[in-house]
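Accompanying notes for the structure given below.
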Amino acid sequence: MDRLSFILEQLNVNAGVFFRGQLCGLASFEDEGTGYIHVLRSGVLEITGANGEKSTLSEPTLIFSVKPQPHRLFGADRSGAEMVCASIKFQIGERHPVLEALPATVTLPLDSVPGLGAFVEVLFTEAETNHEGRDAVMNRLVELIFVNVLRHIVSGGNSNKGMLAALADRQMSKVINFIDANLSQDLTVDKLAEVVAMSRSSFIQNFKNLLGMSPGEYVQNARIAAAKKRIKKDLPMSLIGLEVGYEDPSAFARAFKKNTGLTPREWKKLSTTTIG
């Protein structure tokens, strides 16, 4: 599986358009696992960040963030700013290594990414119609735009650390894909080292150097992220625990709470009301 496909499978993205038209007022995102995309088609846009820093955009631009960041957007002239704003929700939570590997915020002129402008034009054309299913179509278009932006980020990444670097490394990518495909198994450090024919100590050191965490920490994060996806599908908790490597329901609940601060049932209730 290539890097982009793996990342998209992990993120399990859902978009929700919440504004379309001229100007965009206060935009504040606080939910775990929620980012945003703002698309400026025309006009002048003034952005004020959480710390009061300001920037101004005057050309068609896309702003993408993987994490919730309070901010204000204002049309900076009389004609306002023609925009579409959408939330981007990830089922895995914001502390997953995949999200941590991505830039916190990306600002891209639309003409800097081949093909991006065409998707944006279709998005705004749909926004101007009153057809049935308009909102659903717009949400899917935003997801396609997200994929194009993510492809741009992945293909241009040159970091020597983090998930993108690990997925670009032949040996580490083999381990990461093995973990993802075998979460229900006993994923000991020795077994993972065998996958890439490395000594235990060399494997641990290389893994930490690339991903900034131990193999055990990564495995637990991967298991909890996979559990969240299954919880959203309303599967039985006992089955979810088994599928992600916890034979004992109590051990699953403890690991989940250690990772998220909530029990699986508490997280399910919260996600239904706030992340939904």
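Going letter by letter, the sequence shown gives residues 1 to 276 in the working numbering.
Just so you know, even glycine gets a beta-carbon here, dropped at the ideal spot from N, CA and C.
- Residue burial is scored here from C-beta neighbours: N130 has fewer than 16 other C-beta atoms within 10 angstroms and is therefore classed as exposed.
- Per the DSSP secondary-structure output, T107 pairs in a beta bridge with I63.
- Within 10 angstroms of the beta-carbon of P97 lie 16 or more other beta-carbons, which makes it buried.
- One alpha carbon belongs to M213, the other to L73, and they sit about 37 angstroms apart.
- In this structure the region 164-174 does not touch the region 34-54; the number of beta carbon pairs closer than 8 angstroms is below three.
- Rounded to the nearest angstrom, the Cβ distance from T56 to E46 is 5 angstroms, consistent with a contact under 8 angstroms.
- Contact annotation: R223 and V244 have beta-carbon atoms nearer than 8 angstroms.
- Within the DSSP secondary-structure output, G212 pairs in no beta bridge.
- S87 is positioned such that its CB atom lies closer than 8 angstroms to that of F18.
- Rounded to whole angstroms, the Cβ separation of L187 and F203 is 13 angstroms, and the two are not in contact under 8 angstroms.
- DSSP places T125 inside the alpha helix (DSSP H), whose first and last residues are 116-127.
- For G80 and G21, the gap between their C-alpha atoms comes out near 9 angstroms.
- Residue environment: N206 is assigned as buried (16 or more neighbouring CB atoms within 10 Å of its CB, all protein chains considered).
- When the Cα atoms are used, D234 and D180 turn out to be separated by approximately 21 angstroms.
- As summarised for the region 126-211, the continuous alpha helix (DSSP H) elements at least 4 residues long and confined to that stretch are 134-156, 163-168, 170-181, 189-195, 200-211, given in chain order.
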